[in-house]
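Student: Residue numbering for the sequence shown is 1 to 267, as defined by the numbering used here.
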Amino acid sequence: MSNDYSCESYQHAIELLQHFTISGTTSTDPTTHLPNINFFLPPFWPPGTELRVGFMTGTDWQKMEVELHAHEWTRFANLSLKFVEQRPYDILVDFSPGASWSQIGVLSKLATIRHQPSMNLADVNTTISGRDRRAQVLHQFGHALGLVHEHQHGVKHPEDNLAWDRQALYRHFGQSANAWSHDQINSNVLANCTGDLVLKPVFDVDSVMLYGFPMAMFKSGHGKEANAELSAIDKEYMMLKYPGREKAWDEWKQHEWHVTPHTQPGL
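#1: Run through DSSP, which three-state label would I128 get?
#2: According to the neighbour-count rule (16 or more other Cβ atoms, all chains shown, within 10 Å of its Cβ), is W45 buried or exposed?
#3: Could you give the first and the last residue of the continuous alpha helix (DSSP H) run that contains V66?
#4: Just to confirm the assignment, what range does the beta strand (DSSP E) spanning E225 have?
#5: Around the Cβ of K63, are there at least 16 other Cβ atoms within 10 angstroms (buried) or fewer (exposed)?
#6: Can you give me the C-alpha to C-alpha distance between H33 and M119, rounded to a whole angstrom?
#7: Since I believe N192 is in contact with Q140 (beta carbons under 8 Å), could you give me their beta-carbon distance rounded to a whole number of angstroms?
#8: Can you tell me which of the three DSSP states M119 falls into?
#9: Is it a yes or a no for the region 47-57 touching the region 75-95, going by three-plus beta-carbon pairs under 8 Å?
#10: Between which residues of its own chain and T49 is the CB-CB distance below 6 Å, once the five residues before and five after are set aside?
#11: Can you tell me which residues form a DSSP beta bridge with D90?
#12: Are there 16 or more other CB atoms within 10 angstroms of the CB of S220, so buried, or fewer, so exposed?
#13: Does the beta-carbon distance from P43 to G105 come in below 8 Å?
#14: Counting along the chain, where does the beta strand (DSSP E) carrying R52 start and finish?
#15: Would you mind working out which of V66, H149 and F173 sits nearest N125, comparing C-alpha positions?
#16: What residues in its chain sit with their C-beta under 7 Å from that of T74, if we drop five residues either side in the sequence?
#17: Please find out if some non-hydrogen atom of the ligand HEM comes closer than 7 Å to the beta-carbon of G105.
#18: With a CB to CB cut of under 8 Å and the five nearest residues on each side skipped, what residues in its chain are close to Q116?
#19: Taking the C-alpha atoms as reference points, what is the distance between F95 and A144?
#20: Where do the ends of the beta strand (DSSP E) carrying S80 lie?
#21: Using CA atoms only, rank isn't needed, just tell me which of P243, L107 and A216 is closest to R171.
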């Protein structure tokens, strides 16, 4: 397991919850005293939708890189991505320096109506590896199709809980360029998302929606390498939420989830 992911890279990987809390409410977990994000509006697009994707900025190479990797989702989700140069847009991509982030699902449209980007891909450039660029595009387009962060899954199996070093988190993000307060760190990193509208039934350690974390963030001293490919559960969940690519399941309980044994150190 690689422990080479820097705190700076992780900082750029975090999307602030302000980008999607419009679709939910927050409450406080009585045990951990951390916020829960409770979604009450489904963020998913209607199955079969053709999503119009545009760019605010970017070189031809960056645009081609995004298009190359983003289409991977549509192999499993009954959606199509049409990259266009004129409005209207459903997803509007920018490449501004700083953090990478995306609106969640249909909230992307609200941003584009206001002539604002719905996604920022700060790390799609030649300074990072092709693997990391692919991971970034797949992750952010996963958000744009309605997926939330896997590390904020509200229903984790006990052995899968991320053993955060909370004081290390507070020190890093409090002193970084973000200068976050403890409350902001709780919301942006430690909070759990809850509700059947957005969550897979299990925590998926192989999901492309689970970011890599530097070892300093964990009590165990082990880091987590970012996933650069869709997991089996990512694919099956997309087929469930956007039926049409494969035969849809009649009942939730009839679905067979291919869960990888959770033996990764540091998780």
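Built from N, CA and C at the ideal position, the CB exists for glycine as well.
Tutor: From the atom records:
#1: What you label residue 128 is simply residue 128 of the sequence shown in a count that begins at 1. Annotated three-state conformation of I128 is coil, per DSSP.
#2: Within the sequence shown, residue 45 is the residue found at index 45, counting from 1. It counts as buried.
#3: By 1-based counting over the sequence shown, the position of residue 66 is 66. Residues D60 to A70.
#4: The residue labelled residue 225 in the question sits at position 225 within the sequence shown. No beta strand (DSSP E) holds E225; DSSP gives it neither H nor E.
#5: By 1-based counting over the sequence shown, the position of residue 63 is 63. Classification for K63: buried.
#6: Position 33 of the sequence shown holds residue 33. Position 119 of the sequence shown holds residue 119. Here H33 scores only 47 on pLDDT, less than 50, and its place in the model should not be relied on; the value that follows carries that caveat. For H33 and M119, the distance between alpha carbons rounds to 31 Å.
#7: Here the question's residue 140 lines up with position 140 in the sequence shown. Here the question's residue 192 lines up with position 192 in the sequence shown. Taking 8 Å as the upper bound for CB-CB distance, Q140 and N192 are not in contact here, some 21 Å apart.
#8: Working through the sequence shown from its first residue, we reach residue 119 at position 119. Correct three-state label for M119: strand.
#9: Yes, the region 47-57 is in contact with the region 75-95.
#10: Residue mapping note: residue 49 aligns to position 49 of the sequence shown, counting from 1. These residues qualify, in order along the chain: L79.
#11: Residue 90 sits at position 90 when you count from the first residue of the sequence shown. Listed as beta-bridge partners of D90 by DSSP are no residues whatsoever.
#12: Taking the first residue of the sequence shown as 1, we reach residue 220 at position 220. Counting Cβ neighbours within 10 Å, S220 comes out exposed, since fewer than 16 surround it.
#13: Working through the sequence shown from its first residue, we reach residue 43 at position 43. Working through the sequence shown from its first residue, we reach residue 105 at position 105. Here P43 is near G105, since their CB atoms are less than 8 Å apart.
#14: The residue given as residue 52 occupies position 52 in the sequence shown. First-last of the beta strand (DSSP E) with R52: E50 to F55.
#15: Along the sequence shown, read from residue 1 onward, the residue named residue 125 stands at position 125. Shortest Cα-Cα distance from N125 to any of V66, H149 and F173 involves V66.
#16: As a position in the sequence shown, residue 74 is number 74, starting the count at 1. The beta carbon of T74 lies closer than 7 Å to those of S80 and L81 in the same chain, with the five residues before and after it left out.
#17: For the structure depicted, the ligand HEM is absent and the ligand set is empty, with no information on it obtainable.
#18: Taking the sequence shown and counting its residues from 1, the one referred to as residue 116 is at position 116. For Q116, where only same-chain residues beyond five positions count, the Cβ hits under 8 Å are L92.
#19: For the purposes of this step, residue 95 is taken as the residue at position 95 of the sequence shown. For the purposes of this step, residue 144 is taken as the residue at position 144 of the sequence shown. Answer to the nearest angstrom: the Cα atoms are 16 Å apart.
#20: Position 80 of the sequence shown, counting from 1, holds the residue named residue 80. Note, S80: beta strand (DSSP E), S80 to F83.
#21: The sequence position of residue 171 within the sequence shown is 171, counting from 1. Closest by alpha carbon: A216.
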